[in-house]
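Below: one structure, written as structure tokens.
Protein chains: 2
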Amino acid sequence: MYVQNIAGDQILRRRRPLRSDQEMLFSRGFSRISRTSLNRSRWLFSFQSKREQLLPSAHLQSPLDSTNTVTAGGCREPYCWGGSSFHAIGRQIHHQSSSVVEDGLDPFLLVENELSILANRLRSMVVAEVPKLASAAEYFFKMGVEGKRFRPTVLLLMATALNVHIPGPPSEKVIDALSEELRKRQQRIAEITEMIHVASLLHDDVLDDADTRRGIGSLNFVMGNKLAVLAGDFLLSRACVALASLKNTEVVSLLATVVEHLVTGETMQMTTTSEQRCSMEYYLQKTYYKTASLISNSCKAIALLAGQTTEVSMLAYEYGKNLGLAFQLIDDVLDFTGTSMSLGKGSLTDIRHGIITAPILYAIEEFPQLRAVVDRGLDNPADVDLILDYLGKSQGIQRTQELAAKHANLASAAIDSLPESDDEDVRRSRRALVDLTHRVITRTK
Amino acid sequence: MYVQNIAGDQILRRRRPLRSDQEMLFSRGFSRISRTSLNRSRWLFSFQSKREQLLPSAHLQSPLDSTNTVTAGGCREPYCWGGSSFHAIGRQIHHQSSSVVEDGLDPFLLVENELSILANRLRSMVVAEVPKLASAAEYFFKMGVEGKRFRPTVLLLMATALNVHIPGPPSEKVIDALSEELRKRQQRIAEITEMIHVASLLHDDVLDDADTRRGIGSLNFVMGNKLAVLAGDFLLSRACVALASLKNTEVVSLLATVVEHLVTGETMQMTTTSEQRCSMEYYLQKTYYKTASLISNSCKAIALLAGQTTEVSMLAYEYGKNLGLAFQLIDDVLDFTGTSMSLGKGSLTDIRHGIITAPILYAIEEFPQLRAVVDRGLDNPADVDLILDYLGKSQGIQRTQELAAKHANLASAAIDSLPESDDEDVRRSRRALVDLTHRVITRTK
């Protein structure tokens, strides 16, 4: 099932939260409440072992492998929670935020220098022999169009958060050399992840006939579809060569599977039946493949390179998965609520392309008559307006934000479940990772 | 340099062969001359160590990394040979053919059963979760399987040709188990190679003009292109997962580099300056990337999995490279001489798309005034007709066939340079590989 069978869900399965709770949760100003350190959310899961709650049931677990399916459109039990327990989540995120405020640290600033090195390396890694291919491949790695650098930030923070002292080596020098080598290998994962991400963007833009990306002309628009396809292939092949150089076939396999997930997610979005388009389960599965698989599996790769246990590797995976899902859910909200400028690609993009996301799925639950409008295909702008009217009347936006907050909390709880460490760098990186879960759900662009 | 610095070239660097020699070489009926076994072409290279001659200078050596460049268009010394030495090549191939006739073996029949197993495995390897993606991946696969099955045949024959008795294990049973395991891993290489090949075909087929694509407006047509991109990505990711499962990072790196070469070759073809379009060096480099890199590097992968020495691995690579180049040169000839039916994609495809291949490059050498016609872009059918007139008057077709024959001989010589074996299976597979070099240059479709 998508809604994982963890104790927290039992608390969370209520009706919608009060508006005041929601406002508190999503407001950007937070009062300074003293930090509860790494224990801050433990009360929520106190009656069950956290690791038991958080460990997924299988390798590369899909968020949907369950029998307790959740379908919007009035056919099944709606997926919802709220009220007082949501208030609790609000408080919890409140605490996380204040801890970061105390630190005075920005997660992006923590790894700023390393990100610059990484950006330079990326530019050198995508140099191609043929000038046209080189300029196509470099296109999104140029200064100023690198995007938010969200993924490399997460991965570098995760690398530090999982730092363990390697026992046994004879001297400090050996420890330093080993640590440095490991860090370099983990940086490679961050670079490879960016290459896979950009390759998928290039191919997606061809598929969508997109004309802009990151505020500039999309590559297919500027250089043609064929070159965009080739540049994407080129990045994938370079990523694969870089992966092979890490000489860890489990990691190669993990990230190759991510490429397959990206393709599967894109195909799922392109080829839906009416039933699938209105299914929350299908939507979440697709979202995992399209967005969460890359970050979750690369987090896991960071842990595997560090020689972490299966348990810790899966916590890293869980963090990435839930952060990725939260990120996409908020993206889907912003597609309705943001402005064209803040979204960078124009508001209402999904709905105008007939893509049904969580806010509409929740709206359909409240107003089942919308299903017929969706089934007509949304080619008619009047139908899009009708959908938007109903969305405004519904709790769709709010409930999507709540779902995002739930995943943000699960991500945060995964970090809390890591083996304790008294290393201040490790603790600071963990706090930054938790802070990111908050930023993801409160962002406005 | 492209023309490798081997003794054979010194003999071969003459003017054009007599027409009677050429007819002898390319006729399909061969008299039965007694086979000279694996020594049949040694006289040609007798004054220099064969291995020294054939070993390329570097890993993944490009056919062009030389200073002795060869440019068509009248600027440089033309690249040609012929006369009596070509007669010798004719005789040499004559011998190869008769050896196979004596065996009564068809290279494809030798691995027929294994090819069927491989085809079934391939179909199961490309099964996808999403029905549309599954049918796209499978569909193009079925087409590939019904094709020549040239690459898997070469690779399975190469696997047997490089068989060595593993010394040391305690019992026959252990030897059998190890051999069986190795064979399975080598079969995986053949499957992966086919997946990469089909993926590149799918992406090559994507239309490059976005406006034309949108202009057609047919949903099926657009879906076709989208699915071509996605199915190609899917096959690449499955190939990468399969590669990772072999747990040999050198092999992963080798085949990832092939994908990069395929992309580079395609981009070289798409983005040429006038100078590059009329350069034989550029043409051959592009041909290596687009056609020869896949088969040469997968031959090398077969050798690496078998634990062969660097020297033997490079001979396998040399065989694949020269066979691939010969194959493509004949393809370029058939684009002019074949009928639409025998080519399977309509004659004159390249020239009508403004792609200049070896026959025209040789024609330009003889008639430099053609260069201006080529520079006009070949959009005008009258210009295409003019080019064809000159091609008919020139030795372009003949010299391309000669170049193909030279590469076929180099491929054959690489097989002859393998360490001797008295295993009849090994010897038969080597003869079949040599026979393939002949079939490649005498084929009419």
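If you read the protein sequences in the order shown, they are chains A and B. Per our numbering, residue 5 is the first one in the first sequence, and the count goes up by one each step. Per our numbering, residue 5 is the first one in the second sequence, and the count goes up by one each step. Think of the CB as a built atom: it goes at the ideal place given N, C-alpha and C, for glycine as much as any other residue. The structure presented is a predicted model; accordingly, all values stated were derived computationally and were not measured.
The C-beta of P423 of chain A has fewer than 16 other C-beta atoms within 10 Å across all chains shown, which makes the residue exposed. With respect to chain A, the C-beta atom of S241 of chain B has a partner C-beta closer than 7 Å.
Between I364 of chain A and the set A:H442, A:L288, A:C282, A:K230, the nearest pair of CA atoms involves A:C282. Going by DSSP, N413 of chain A is part of the alpha helix (DSSP H) stretching over 400-420.
Listed along the chain, the chain B residues whose CB falls inside 8 Å of the CB of S249 of chain A are T253, S257. In this structure P111 of chain A is buried. Its beta-carbon is surrounded by 16 or more other beta-carbon atoms within 10 angstroms. Three or more Cβ pairs closer than 8 Å define a contact, and the segment 277-292 of chain A falls short of that threshold against the segment 292-310 of chain B. DSSP, reduced to helix, strand and coil, places I359 of chain A outside both helices and strands of the structure shown, so it counts as coil. Contact residues of the segment 119-137 of chain A toward chain B are A132, E133, V134, P135, K136, L137 (C-beta to C-beta distance below 8 Å).
Secondary structure within the segment 222-271 of chain A: the alpha helix (DSSP H) runs of 4 or more consecutive residues, fully enclosed, are 223-227, 229-249 (chain order). When the beta-carbon positions are compared, T404 of chain B and A367 of chain B stay at least 7 Å from each other. Under the three-state reduction of DSSP, G396 of chain B is assigned to helix. The DSSP-derived three-state label of G381 of chain B is coil.
Selection B:V158, B:D336, B:T271, B:R192 evaluated against C244 of chain B yields B:R192 as nearest (Cα-Cα). Taking C-beta atoms as the reference points, V378 of chain B and L390 of chain B fail to come closer than 7 Å. Not a single C-beta of chain A is nearer than 7 Å to the C-beta of A307 of chain B. The shortest C-alpha to C-alpha distance from G328 of chain B to any of B:A181, B:K304, B:A296, B:H411 is the one to B:A296. Cβ-Cβ distances below 8 Å link D336 of chain A to D354, T361, A362, P363, T404 in the same chain, with the five nearest sequence neighbours on each side left out; the list follows chain order. Excluding sequence positions up to five before and after G236 of chain A, its CB lies within less than 6 Å of the CB of A203, L206, H207, all in the same chain and listed in chain order. Fewer than three Cβ pairs drawn from the segment 251-262 of chain B and the segment 120-129 of chain A lie within less than 8 Å of each other, which leaves the two stretches out of contact.
The beta carbon of S398 of chain B sits closer than 7 Å to those of Y366, A367, E370, F371, all from its chain and outside the five residues before and after it, given in chain order. Against D237 of chain A, the close residues of chain B are A203, S204, H207, G236, D237, L240, V263, E264, L266, V267, E270, in the order they occur along the chain (beta-carbon pairs closer than 9 Å).
Close partners of T275 of chain A in chain B (Cβ separation under 7 Å): V134, K136.
Contact between K136 of chain A and L231 of chain A holds: CB atoms are separated by about 7 Å, below the 8 Å threshold. Rounded to whole angstroms, the gap between the alpha carbons of R434 of chain B and Q312 of chain A is 48 Å. Under the DSSP assignment, Y286 of chain B falls in the alpha helix (DSSP H) whose first and last residues are 284-291. A straight line joining the alpha-carbon of E118 of chain B with that of N252 of chain B spans about 23 Å.
The Cβ atoms of S300 of chain B and K325 of chain B sit closer than 7 Å to each other.
With fewer than 16 neighbouring CB atoms inside 10 Å of its own CB, G381 of chain B falls in the exposed class. By the Cβ neighbour-count rule, D180 of chain A is exposed, with fewer than 16 other Cβ atoms within 10 Å of its own. For T295 of chain B, the three-state secondary structure derived from DSSP is helix.
Each residue's CA atom was taken as its position, placing L352 of chain B and L266 of chain B some 23 Å apart. For V245 of chain B, the chain A residues whose Cβ falls inside 8 Å of its Cβ are S257, A260, T261, E264, in order along the chain. Annotation: Cβ neighbours of L211 of chain A in chain B (cutoff 8 Å, chain order): K230, V233, L234.
CA-CA distance, L160 of chain B to Q373 of chain B, rounds to 47 Å. For V444 of chain B, the CB contacts under 8 Å within the same chain, skipping 5 residues up- and downstream, are L327, A330, F331, I334, A408, A412 in chain order.
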